[in-house]
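Right, one structure below, let's go through it.
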């Protein structure tokens, strides 16, 4: 197929803007669809492939719904066949080897989309990160139905991904939902671990052997890893069958954020599910537990029982030879055995040393994101490390030492390539940022920051990504306007981008190009001056330039929105001053005052993001500070059990406050000191007449006495005295902290007549 170039127009309609991908089934480009006046993505194949594209389109239409990329009807001419489709912001490759919490939402959305797909009788059969796109709304979309098929259809002629296709697909079996279950496991394996299962060992992948247990750079919950490994089971019957229950498990992990545990089991436990959709649950299978038990029995036999029987067999001939007077043979045998033990011990020591270096270097590189930028070399090093451990467990110490040595050499090579990787990631980030591909830019800059945490360019790039996000549609609109020769609109939208990201190369060059195209047009020049002044924060100059433009063209379409932007910029400056004042109140921990100011701003404009976010942040702290102050102002309330429980809750809440909050922490310490004070018992002396029976509510009954000493915690108490023929008496008394003693007299003296 012919090579394509930026700016080339196909079918007298699609202007190619940027290549997005290339594969065995053609090329994908970002393009301007002049018929729709919008940017889309197009897959380009030779005209002879129109039937394949049409079949792909029909399958995508049948699968159309939430979670599936939108496809448009394919078109063809004498040379090319094109499949237009929705333009996406990025694909799932941007999530590889990052924290499991960042991939979980996407996996949940993909699982839901697959369930809908299967309900329509369609199997995707090619689930890999490049085929899971992320829309501009942040949601996942299944794409590329080139390998898709209906359930039961034979599709052996379609291209297979060696690492993500199921063993049944490689065996040319009919399409089955089990293929997508394997594909979902492969997708999760690659997102969580950085590489697809069995990579880079293509022969192992095609053989159908199960992959090594997933190892992640970031601690990942064991249930999630168990689920992934069960989805990758070679036998389709051993894979979980209920996508809805898989989605429920993913949702539970997503919402509860289960405490991470290191999943490093010797044998991966399958997560089996019943075959029916109604009552199945995801749980470890009996076969897996049986396998683990069998392995434990073997290990006990090998390492505990076997030596007891091996040793006498070796020693017996030596003893017999000694009795027969053949000492030289016995000495030789013993010497050989001792020599082998010594050699093995030396190899073990060398392996332990090399393995320690390997683990230290591997951990360092993984924290620096080498799982992504290290490529096949890093993947091979990890595989060799795992194989070395297997050889060491099998007591083949020479092989283990050889494998760990090669693995260390590969890791050292990656360390040497780290500076070049840093430069490349920074360049990738800049290029993606200029093209508006924010997810790719963020990934590149975050990887650069992992490689070198103090890198200034990486930090600046991440800040630019954050700033450009809200105005990304403006960049797309500017490019579209430029391509349709609407230079004034292009200039306006490019300037909008430059206000958010002054370093954006595409916007700078586009704005300069638009100005040169506008030439001597005075109206356009005034609009341009207003835009430049607006970007520089000179709202008065911008307002004046808009006024000049209005005199030239009172009904100009650009005037009203531009004037609104000028007014908004002035208001923004006011809001920035207000926000700075409120932040000062927060810094001083005047939470109540800050809350009132945020509420006042929201009453003025409920859509103010800084006020909404600020109120969300401040309100719980203001309430916490108020309740702490109320307790400290009246600590005697701590004598009530319910108030004591509230105080404990307040201390827990205060301990969870993030960031510097010295005033709040000081209040917490004062309350904690008050609780300790009210926990210290005080001497209470009760005096009576020896005939009155005395009890103290919530403490106990003490009978008749003349004097009784009690150790009571501070609080309010009631002593009750009773005596036959006399009226009962009640004496309320207060035990206050810090006093030496409280004396209470309880005597029944009033005779009942």
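Numbering (our numbering), first residue to last: 184 to 936. Cβ atoms here follow ideal geometry from the backbone N, Cα and C, with glycine treated the same way.
Closest option to residue 907, judged by alpha-carbon separation, among 875, 773, 234: 875. If you draw a 10 Å sphere on the C-beta of residue 224, you find 16 or more other C-beta atoms in it, and that means buried. Residue range 221-229 is occupied by the beta strand (DSSP E) that includes residue 226. Residue 374 carries a helical assignment under DSSP once its states are collapsed to helix, strand and coil. Between the alpha carbons of residue 829 and residue 900 lies a gap of roughly 21 angstroms.
A straight-line Cα-Cα distance of about 5 angstroms links residue 627 and residue 612. Put simply, the backbone Cα of residue 260 is about 7 angstroms away from that of residue 230.
In this structure the region 392-400 touches the region 364-381; the number of beta carbon pairs closer than 8 angstroms is three or more. Between residue 904 and residue 886, the alpha-carbon positions lie close to 9 angstroms from each other.
Around the beta carbon of residue 418, fewer than 16 other beta carbons sit within 10 angstroms, so the residue counts as exposed. The region 526-537 and the region 600-610 do not touch, with fewer than 3 CB-CB distances between them shorter than 8 angstroms. In the three-state scheme derived from DSSP, where H, G and I count as helix and E and B as strand, residue 527 is classed as helix. Taking all protein chains shown into account, residue 660 has 16 or more neighbouring C-beta atoms within 10 Å of its C-beta and is therefore buried.
Around the CB of residue 741, 16 or more other CB atoms lie within 10 Å, so the residue is classed as buried. Where residue 891 is concerned, the enclosing beta strand (DSSP E) starts and stops at 890-895.
The DSSP assignment places 670-683, 688-701, 705-719, 722-735 as complete runs of the alpha helix (DSSP H) inside the region 659-735, in order along the chain (cut-off: 4 residues).
Rounded to whole angstroms, residue 313 and residue 274 show a C-alpha spacing of 6 angstroms. Contact between the region 700-713 and the region 684-692 is absent: fewer than 3 CB-CB pairs across the two stretches fall below 8 angstroms.
By the criterion of a C-beta distance shorter than 6 angstroms, residue 624 is surrounded in its chain by 612, 615, 616, 648, once the five residues flanking it on both sides are discounted. Beta-bridge annotation (DSSP): residue 412 is not paired with any residue.
About 5 angstroms separates the beta carbons of residue 918 and residue 865, which is inside the 8 angstroms limit, making them a contact pair. Counting other Cβ atoms within 10 Å of its Cβ, residue 823 stays below 16 and is therefore classed as exposed. For residue 232, the closest C-alpha among the options 209, 219, 252, 249 is that of 209.
The beta-bridge partner set that DSSP reports for residue 913 consists of 903. For the set 710, 364, 537, 714, the Cα lying nearest the Cα of residue 734 is the one of 710. Per DSSP, residue 275 lies in no beta strand (DSSP E) segment and is marked neither H nor E.
The straight-line gap separating the alpha-carbon atoms of residue 747 and residue 680 is approximately 16 angstroms.
In the structure shown, the three-state DSSP call for residue 606 is helix. Comparing C-alpha distances from residue 816 to each of 854, 841, 795, 797 shows the shortest one belongs to 854. In this structure, residue 265 lies near residue 236, with their beta-carbon atoms less than 9 angstroms apart. In the structure shown, the three-state DSSP call for residue 209 is strand. Beta-bridge pairing by DSSP links residue 886 to 877.
It is roughly 55 angstroms from the alpha-carbon of residue 317 to the alpha-carbon of residue 859. The C-beta separation of residue 335 from residue 347 comes to about 21 angstroms, leaving the pair out of contact by the 8 angstroms criterion.
By the C-beta criterion, the region 549-563 is judged not to be in contact with the region 533-541, since fewer than 3 inter-stretch pairs fall below 8 angstroms. A Cβ-Cβ separation of about 20 angstroms leaves residue 560 out of contact with residue 610 under the 8 angstroms criterion.
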